[in-house]
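Visitor:
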Amino acid sequence: MLGPTAHIDSFARDNLPPARDWPEIRLEGFDYPDHLNAAVELTDRMVTKGFGDHTALIGNGRIRTYKELTDWSNRIAHVLVEDHGVKPGNRVLIRSANNPAMVACWLAATKAGAVVVNTMPMLRAGELTKIVDKAEVSLALCDTRLMDEIVACAKGSRFLKKVIGFDGTANHDAELDRAALAKPVRFEAVKTGRDDVALLGFTSGTTGEPKATMHFHRDLMIIADGYAKEVLQVVPEDVFVGSPPLAFTFGLGGLAVFPLRFGAAAALLEQATPPNLISIIQEHKATVCFTAPTAYRVMLKAMEEGADLSSLRAAVSAGETLPAPVYDEWMAKTGKPMLDGIGATEMLHIFITNRFDDHRPASTGKPVTGYEARVVDETGVECPRGTPGRLAVKGPTGCRYLADDRQRAYVRDGWNITGDTFVQTEDGYFHFAARNDDMIVSSGYNIAGPEVEAALLAHDDVLECAVVGAPDATRGQIVEAHVVLADGVKPDDATALRLQEHVKRTIAPYKYPRRIVFTGALPKTATGKIQRFRLREKH
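For the record, in the sequence shown the residue sitting at position 177 is 1659 according to this note's numbering, with numbers rising by one throughout.
1. What is the rounded straight-line gap between the Cα of proline 1849 and the Cα of histidine 1654?
2. What residue range does the beta strand (DSSP E) around threonine 1547 cover?
3. Please report the distance separating the alpha-carbon of proline 1775 from that of asparagine 1898.
4. Return the bridge partner residues of glutamate 1854 from the DSSP annotation.
5. With DSSP run on the structure shown, which of helix, strand or coil describes arginine 1495?
6. Output yes or no for whether 7 Å exceeds the beta carbon distance between aspartate 1943 and leucine 1967.
7. Tell me where the alpha helix (DSSP H) around glutamate 1657 begins and ends.
8. On the three-pair Cβ rule with 8 Å, is the stretch 1590 to 1600 touching the stretch 1520 to 1536?
9. Which residue comes first and which comes last in the alpha helix (DSSP H) that contains tryptophan 1741?
10. So, is proline 1819 buried or exposed, given that buried needs 16 or more other C-beta atoms within 10 angstroms?
11. When DSSP labels each residue in this structure, what does threonine 1688 get in the three-state scheme?
12. Is it true that the CB of phenylalanine 1914 sits closer than 7 Å to the CB of threonine 1956?
13. Would you please state the rounded distance, in angstroms, between the beta carbons of arginine 1546 and alanine 1538? I believe it to be under 8 Å.
14. What are the boundary residues of the alpha helix (DSSP H) that histidine 1699 is part of?
15. Taking 7 Å as the cut-off, decide whether the C-beta atoms of cysteine 1624 and valine 1597 are in contact.
16. Are there 16 or more other CB atoms within 10 angstroms of the CB of leucine 2017, so buried, or fewer, so exposed?
17. Under three-state DSSP, which class holds lysine 1693?
18. Determine the DSSP secondary structure at glycine 1735, reduced to helix, strand or coil.
19. Please report the straight-line C-alpha distance between serine 1555 and leucine 1981, rounded to a whole angstrom.
20. Going straight from the alpha carbon of arginine 1997 to that of leucine 1750, what length do you get?
21. From the DSSP output, which residues share a beta bridge with glutamine 1906?
22. On the criterion of 16 or more Cβ atoms from any shown chain inside 10 Å, does valine 1863 qualify as buried, or is it exposed?
23. Can you name, in chain order, every residue of its own chain whose Cβ lies under 7 Å from the Cβ of tyrosine 1548, other than the five neighbours on each side?
24. Under a Cβ-count criterion, where at least 16 other Cβ atoms within 10 Å of its own Cβ denotes burial, should threonine 1476 be classed as buried or exposed?
25. Would you decide whether arginine 1890 is buried or exposed? Buried here means 16 or more other CB atoms lie within 10 Å of its CB.
26. For phenylalanine 1533, name the three-state secondary structure that DSSP assigns.
27. Among all the DSSP beta bridges, which residues are the ones paired with cysteine 1947?
28. Applying the criterion that 16 or more other CB atoms from any shown protein chain within 10 Å of the CB defines a buried residue, is histidine 1560 buried or exposed?
29. Return the CA-CA distance between asparagine 1758 and alanine 1784, expressed in angstroms with no decimal places.
30. Which class does glycine 1650 belong to by DSSP, given the choice of helix, strand or coil?
31. Using the beta-carbon count (16 or more within 10 Å), is leucine 1575 buried or exposed?
32. Decide if the stretch 1637 to 1644 is in contact with the stretch 1605 to 1621; the criterion is three or more beta carbon pairs, one per stretch, under 8 Å apart.
33. Measuring straight from C-alpha to C-alpha, what distance separates alanine 1494 and alanine 1789?
34. Considering Cα atoms alone, identify which of Asp1839, Lys1616 and Glu1983 is closest to glutamine 1715.
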């Protein structure tokens, strides 16, 4: 039963899935009042608690305290409501790279009771149009450096009526900023219901119609009061950094919700390349990092060359499976575990993870408190321990697609079926095998691409790699490895043979890559996730 709503525009609640198609939601231990505004909890409430002078955000040459962020977001909220008529429940799209201004806009729109749709700067007009149409967005806030594509989208849109520019560079020199400076610093935030939709997270699907995942105000609190509190053990002295875009729920959680919930700070990078991450970690003595294994490999090399990353107490790896060699090397160099975990846009954030006091290589760990997970077969029956199957999970968050028939494929019998193949060991640990579509079937053998990748990465000649199944007339599929070599290694037949023999010695010989393709770079998403589908498309 949903609690009270403050939404005048009922679009979001009207387009929730039918109750029969929801996953089972378990809220034990997550008790919030009927009325809850997540943005107020992360700003105004933190000032009340005495964090006003603490650093909240670092970025683009400026440091913002909690008081400054509270005032800033309140001023913008006034503009949205008074100058642009934003009503509770309206959808507001935000287009920006990771910077404090984007966070302020997100908080402001949330305080105004809007349903926020954060989007990445690399999206083009056609992709933005699909999002705008799906969410029926009427207002967009855009960094003035990124206006072209959203303006092009608006020109042909029957929904998007207004695009307002803001200054992402910290100079406050754009339409939204100038209007905000004339507004009061106090704002009576909308008393949204804890079950009001606060956020639409669009999945980074590769083709077809985008899916919008619907997250309540309480969900934003749950991921902080669950994973961040239990696993990361966040304290006010922490400084968060990372590469995922705030437009992704993984990034919004790790670089905004988590630090702000506990009085910590976030250092935001518009270009979160590994060298930039290394630089900001050293400059601000960052303590918690969210990024993909590829970036951690660069960090390991940088440490060998003298980079001081000793301030990091938590290295969170997600998005890509964490190869055991990267984990082992990180442990050897830092004495601290790398916290591999798995999350999903549908679940909002990480729900299975390693912990500081309970971790092991090539393991994704155990469920976060409040979540239950199991490995099931095609019919939903739990598989015997040690047998690969589909990962099913339920807990305090869960999949709710916006008006989408695919809800019934993701949620079955109350369980969220994530699309990942896992194995659960006798002692309860979960081990990632592959995305369901990444399992390679060759001559009747099931071969998990990530296992072959881990074997290749253990060889000094390999900098990066991605393994896919390639069609083969005799075997159905063969294992094909796309390999980026370390500096100075020749991409020749001798190297290919050397790597193949290494894999045969490291894992079962039938899993070795029968074809090796040397390449200068692998296709990746903005979060550093390797796009294996791009490699498969070549066949």
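Just so you know, even glycine gets a beta-carbon here, dropped at the ideal spot from N, CA and C.
Guide: The structure says:
1. Spanning the two alpha carbons is a distance of roughly 43 Å.
2. That run of the beta strand (DSSP E) goes 1544 to 1547.
3. The C-alpha of proline 1775 lies about 26 Å from the C-alpha of asparagine 1898.
4. Beta-bridge pairing by DSSP links glutamate 1854 to Lys1876.
5. Reduced to three states, the DSSP call for arginine 1495 is helix.
6. Contact flag set, yes.
7. Annotation for glutamate 1657: the continuous alpha helix (DSSP H) segment containing it runs 1657 to 1663.
8. When C-beta atoms of the stretch 1590 to 1600 are compared with those of the stretch 1520 to 1536, three or more pairs fall below 8 Å, so the two segments count as touching.
9. Note on identity: in this sequence residue 1741 is proline, with tryptophan being the wrong assignment. Taken as a continuous stretch (DSSP letters only), the alpha helix (DSSP H) holding proline 1741 covers 1740 to 1743.
10. With 16 or more Cβ atoms within 10 Å of its Cβ, proline 1819 is classed as buried.
11. Because threonine 1688 sits at a pLDDT of 35, beneath the cut-off of 50, its placement in the model cannot be relied upon, and the following sentence gives the value as read from the coordinates. Coil at threonine 1688, not helix or strand.
12. Cβ distance not < 7 Å, so threonine 1956 and phenylalanine 1914 don't count as in contact.
13. Cβ atoms of arginine 1546 and alanine 1538 come within 8 Å of each other, at about 5 Å.
14. Following the DSSP letters along the chain, one finds histidine 1699 inside the alpha helix (DSSP H) bounded by residues 1699 to 1705.
15. Contact: no.
16. With 16 or more other Cβ atoms within 10 Å, it is buried.
17. In this structure, lysine 1693 counts as coil in the three-state DSSP scheme.
18. DSSP, reduced to helix, strand and coil, places glycine 1735 within a helical segment of the structure shown.
19. Distance between the alpha carbons of serine 1555 and leucine 1981: 54 Å.
20. When rounded, the distance between both Cα atoms is 40 Å.
21. BP columns for glutamine 1906 point to Phe1912.
22. Around the beta carbon of valine 1863, fewer than 16 other beta carbons lie within 10 angstroms, which makes this residue exposed.
23. Contacts found: Thr1525, Met1528, Val1529, Phe1533, Gly1534, His1536 and Ala1538.
24. No answer is possible for residue 1476: the residues shown for the chain start at 1483 and end at 2021.
25. The residue is exposed, with fewer than 16 neighbouring Cβ atoms inside 10 Å.
26. Shown here, phenylalanine 1533 sits in a helix according to DSSP, grouped into three states.
27. Answer is Val1965, bridged to cysteine 1947.
28. Sixteen is the threshold: when 16 or more other Cβ atoms of the shown chains lie within 10 Å of the Cβ of histidine 1560, as they do, the residue is buried.
29. If I take the Cα positions, the gap works out to 12 Å.
30. Coil.
31. Residue environment: leucine 1575 is assigned as buried (16 or more neighbouring CB atoms within 10 Å of its CB, all protein chains considered).
32. Taking 8 Å as the limit for Cβ pairs, the verdict is that the stretch 1605 to 1621 does touch the stretch 1637 to 1644.
33. So the two alpha carbons sit approximately 47 Å from each other.
34. Nearest in C-alpha terms to glutamine 1715, of all of Asp1839, Lys1616 and Glu1983, is Asp1839.
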